[in-house]
Amino acid sequence: MSLLRQIAAIIHKDVTAELRTKEMFSSMFVFALLTVVIFNFAFELRVADARAIAPGVLWVSVTFAGMLGLNRSFVLEKDQGCLDGLLLAPVDRSAIYFGKMLGNFLFITVVEAIILPIFSALFNVNLIQPWILVVLLLGTLGFSGVGTLFSAMAVHTRAREVFLPILLFPVVVPALIAAVKLTAGLLDGQALADMANWMQLLVAFDIILVAVSYMTFDYVVEE
Amino acid sequence: MRVDRITVLNVVTAIAILAALYLALIQAPDPANVDSEAQRYAQRIIYFHISNAWVGFFAFLVTFLGSVLYLWKGERRWDILALSSVEVGVAFMTATIITGSIWAKPAWNTWWTWDPRLTTSTITWLIYVSYLMLRSALDDPARRARFAAVYGVAGFVSVPITFFAIRWWRTIHPVLFDASNMGLSPNMRFPFFFSLGAFTLLYFTILIQRVRVEQLADRVAQLKASISASIR
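Protein chains in written order, with my numbering: chain A, 489 to 711; chain B, 8 to 239.
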């Protein structure tokens with residue numbers, strides 16, 4: 489089996505499991521919605537223009553909801569003994585990493601696709617613009633890339649789910665800053681050429697951290 | 008009394024730090040371009056503040072190298088090096104942030120501002136506190152060493168990107184302070200570099216002690232295991 493087919497098989501497994509329970513997906517979606525609503529209440533009293541805070545609120549709700557999804561990603565594998573099965577299977581370890589990572593990426597993207605129109609309506613901004621979608625995908629890629637690695641580590645700690653945010657948030661700060669900056673700039677109608685450095689930073693973060701995660705994933709899953 | 012090399016190192020370090028204190032607090036000249044008396048005294052903190060920051064970041068570089076070597080070779084001593092350096096580095100980084108705040112109050116009239124350097128230092132500090140928490144949350148020693156090494160690599164890679172991100176983000180706002188245009192007068196340079204050297208020496212002294220503690224802990228664990236095996 490080629491590497492791509494192995495990766496596809498792992499994504500297929502995750503999607504099938506998720507379609508049967510819809511556990512992760514529904515909790516991520518409701519949580520993202522709740523974050524948006526809470527922010528609405530928390531800021532409404534002081535902020536005159538909702539547009540000013542929209543990019544920040546969007547990214548906070550995406551990262552928080554993504555965190556829930558990433559957490560479940562390896563908890564299920566470990567509790568059901570599926571991870572051992574995956575490791576025993578005659579597939580490359582990098583296939584497991586990319587399979588899980590792309591699966592997580594897919595789940596978070598689907599949640600974003602649903603939350604985006606609702607968000608646009610609640611904050612009265614038009615977020616459905618091609619470049620904002622690109623930024624969203626790039627940010628999600630970096631987040632799920634390094635998140636998948638840390639999620640595989642967090643399941644082995646005593647506190648488990650509690651641990652992932654502690655590991656993940658400080659490391660993804662640069663991606664978050666770049667993504668919020670780009671989203672805000674695009675909402676304000678700035679030309680993309682003026683923000684090329686932010687785009688480069690986001691892409692560089694994605695490449696470097698996905699590469700590091702891919703190279704070190706072996707050490708995390710090995711017994 | 009037998010004098011071993013570590014005792015010599017301890018004594019030399021103690022003398023160097025005392026000398027650095029004398030140079031920074033008494034010998035160094037007053038700064039010329041400050042307004043109030045509080046600022047005049049506060050300025051002297053830079054001899055320690057910048058030395059602490061340098062040692063902090065250097066310690067995390069050592070951790071990164073130790074982590075890479077551990078993943079590559081799988082030898083326990085690299086794990087010990089990485090762990091010891093993080094602990095020392097976090098202590099120095101904490102000192103950096105605290106001394107910076109003490110200086111910022113008279114100089115900037117605030118304890119804290121989200122300046123690039125401050126923000127990067129804080130996030131770096133958080134990464135390595137998370138590193139230590141990760142270690143304490145894992146029971147299996149081999150797994151702890153591996154996970155910590157992976158986090159030591161990923162965390163260190165993220166630090167320079169964070170610095171660039173925050174610097175770009177903040178250049179839109181007025182820059183309050185920039186070390187490159189502050190400048191040190193020639194007679195401040197000697198105390199400054201002496202202090203830098205003394206703190207680097209202090210780092211290595213504490214690091215060596217911390218490594219020894221960990222090695223002794225390993226030996227105690229081994230002895231315990233062999234005793235309980237022989238009793239049985």
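Heads up, the beta-carbon is just placed ideally off N, CA and C, and yes, glycines get one too.
Would you kindly work out how many angstroms separate the C-alpha atoms of residue i and residue j, rounded to a whole number?
{"i": "P605 (chain A)", "j": "Y138 (chain B)", "result": "38 Å"}
{"i": "R560 (chain A)", "j": "L78 (chain B)", "result": "27 Å"}
{"i": "M641 (chain A)", "j": "I53 (chain B)", "result": "39 Å"}
{"i": "K588 (chain A)", "j": "S632 (chain A)", "result": "9 Å"}
{"i": "T129 (chain B)", "j": "I104 (chain B)", "result": "8 Å"}
{"i": "G673 (chain A)", "j": "M683 (chain A)", "result": "8 Å"}
{"i": "L2 (chain B)", "j": "I173 (chain B)", "result": "The structure shown has nothing for residue 2 (chain B), since chain B only spans 8 to 239."}
{"i": "K231 (chain B)", "j": "A224 (chain B)", "result": "10 Å"}
{"i": "V599 (chain A)", "j": "A98 (chain B)", "result": "41 Å"}
{"i": "V661 (chain A)", "j": "V10 (chain B)", "result": "49 Å"}
{"i": "A114 (chain B)", "j": "T127 (chain B)", "result": "20 Å"}
{"i": "I696 (chain A)", "j": "L652 (chain A)", "result": "20 Å"}
{"i": "G554 (chain A)", "j": "L76 (chain B)", "result": "32 Å"}
{"i": "R84 (chain B)", "j": "V95 (chain B)", "result": "17 Å"}
{"i": "D37 (chain B)", "j": "A60 (chain B)", "result": "22 Å"}
{"i": "P181 (chain B)", "j": "N116 (chain B)", "result": "Residue placement at P181 (chain B) cannot be trusted, given a pLDDT of 38 that sits under 50; the coordinates are not used to answer."}
{"i": "T704 (chain A)", "j": "A692 (chain A)", "result": "18 Å"}
{"i": "D694 (chain A)", "j": "T551 (chain A)", "result": "15 Å"}
{"i": "K566 (chain A)", "j": "A149 (chain B)", "result": "19 Å"}
{"i": "F65 (chain B)", "j": "P123 (chain B)", "result": "19 Å"}
{"i": "V62 (chain B)", "j": "V525 (chain A)", "result": "44 Å"}
{"i": "A505 (chain A)", "j": "S92 (chain B)", "result": "43 Å"}
{"i": "M100 (chain B)", "j": "W132 (chain B)", "result": "6 Å"}
{"i": "I213 (chain B)", "j": "L615 (chain A)", "result": "53 Å"}
{"i": "V220 (chain B)", "j": "Y707 (chain A)", "result": "27 Å"}
{"i": "Y48 (chain B)", "j": "G107 (chain B)", "result": "14 Å"}
{"i": "I596 (chain A)", "j": "G557 (chain A)", "result": "7 Å"}
{"i": "L16 (chain B)", "j": "Q216 (chain B)", "result": "11 Å"}
{"i": "F184 (chain B)", "j": "W121 (chain B)", "result": "Bear in mind that a pLDDT of 42 at F184 (chain B), under 50, signals an unreliable position, so the model cannot answer this."}
{"i": "I179 (chain B)", "j": "F171 (chain B)", "result": "Residue placement at I179 (chain B) is poorly supported in this model, since its pLDDT is 41, which falls under 50; the coordinates still yield a value, given next. Looking at the two C-alpha atoms, the distance is approximately 13 Å."}
{"i": "S74 (chain B)", "j": "A102 (chain B)", "result": "24 Å"}
{"i": "G677 (chain A)", "j": "V622 (chain A)", "result": "16 Å"}
{"i": "W686 (chain A)", "j": "M195 (chain B)", "result": "39 Å"}
{"i": "T20 (chain B)", "j": "I13 (chain B)", "result": "10 Å"}
{"i": "I168 (chain B)", "j": "P658 (chain A)", "result": "12 Å"}
{"i": "A530 (chain A)", "j": "F200 (chain B)", "result": "49 Å"}
{"i": "Q229 (chain B)", "j": "I238 (chain B)", "result": "14 Å"}
{"i": "V700 (chain A)", "j": "L656 (chain A)", "result": "14 Å"}
{"i": "A186 (chain B)", "j": "F55 (chain B)", "result": "With a pLDDT of 49 at A186 (chain B), under the threshold of 50, the predicted position of this residue should be treated as unreliable, though the coordinate-derived value follows. If you take the alpha carbons of A186 (chain B) and F55 (chain B), they lie about 15 Å apart."}
Along the chain, where does the alpha helix (DSSP H) containing residue i start, and where does it finish?
{"i": "D86 (chain B)", "result": "R83 to W115"}
{"i": "L712 (chain A)", "result": "Chain A is shown from 489 up to 711; residue 712 (chain A) falls before or after that span and cannot be answered."}
{"i": "A26 (chain B)", "result": "R12 to Y29"}
{"i": "I603 (chain A)", "result": "R581 to F611"}
{"i": "D706 (chain A)", "result": "A684 to V709"}
{"i": "P543 (chain A)", "result": "A538 to D567"}
{"i": "K510 (chain A)", "result": "Where K510 (chain A) is concerned, there is no enclosing alpha helix (DSSP H), given that its DSSP letter is neither H nor E."}
{"i": "V661 (chain A)", "result": "F651 to L675"}
{"i": "R51 (chain B)", "result": "No alpha helix (DSSP H) contains R51 (chain B), which DSSP labels as neither H nor E."}
{"i": "V643 (chain A)", "result": "First-last for V643 (chain A): undefined, no H or E at that position."}
{"i": "V218 (chain B)", "result": "P193 to I238"}
{"i": "P123 (chain B)", "result": "P123 to S143"}
{"i": "D147 (chain B)", "result": "D147 (chain B) -> no alpha helix (DSSP H), and no H or E assigned at all."}
{"i": "L32 (chain B)", "result": "Looking at the DSSP string, L32 (chain B) is not in any alpha helix (DSSP H), and its letter there is neither H nor E."}
{"i": "D572 (chain A)", "result": "C570 to L576"}
Using a Cβ-Cβ distance cut-off of 8 Å, determine whether residue i contacts chain C.
{"i": "I234 (chain B)", "result": "Any reference to chain C falls outside this structure, whose protein chains are A and B."}
Can you find a heavy atom of the ligand SAM that lies under 7 Å from the Cβ of residue i?
{"i": "L30 (chain B)", "result": "The model depicted lacks the ligand SAM and carries no ligand whatsoever."}
Interface residues of the region 71 to 88 of chain B facing chain A [CB-CB below 8 Å]: L78
Give, in chain order, every residue of the region 651 to 677 of chain A whose Cβ lies closer than 7 Å to some Cβ of chain B. F651, I654, L655, P658, V659, V661, P662, I665, A666 and K669
If you pair each beta-carbon of the region 22 to 31 of chain B with each one of the region 193 to 208 of chain B, do three or more pairs fall below 8 Å? yes
Touch test, the region 571 to 579 of chain A against the region 542 to 549 of chain A, Cβ-Cβ under 8 Å, three pairs minimum: no
Is it true that the region 495 to 503 of chain A meets the region 577 to 596 of chain A, where meeting means three or more beta-carbon pairs spaced less than 8 Å apart? yes
Counting only Cβ-Cβ distances shorter than 8 Å, please list the residues of the region 690 to 708 of chain A near chain B, keeping chain order. A692, F693, I696, L697, V700, S701, T704, Y707 and V708
Beta carbons nearer than 7 Å to chain A: which residues of the region 122 to 133 of chain B have them? I130 and L133
Kindly confirm or deny that the region 508 to 519 of chain A and the region 644 to 651 of chain A touch, where touching means at least three C-beta pairs closer than 8 Å. no
Against chain A: residues of the region 90 to 102 of chain B by CB proximity under 7 Å: none
Near-chain A residues of the region 160 to 176 of chain B - C-beta to any C-beta below 8 Å: V160, A161, G162, V164, S165, I168, T169, F171, A172, I173, W175 and W176
Along the region 616 to 635 of chain A, where does the CB come closer than 9 Å to a CB of chain B? Name the residues. V634
Along the region 500 to 511 of chain A, what residues have a CB closer than 8 Å to any CB found in chain B? none
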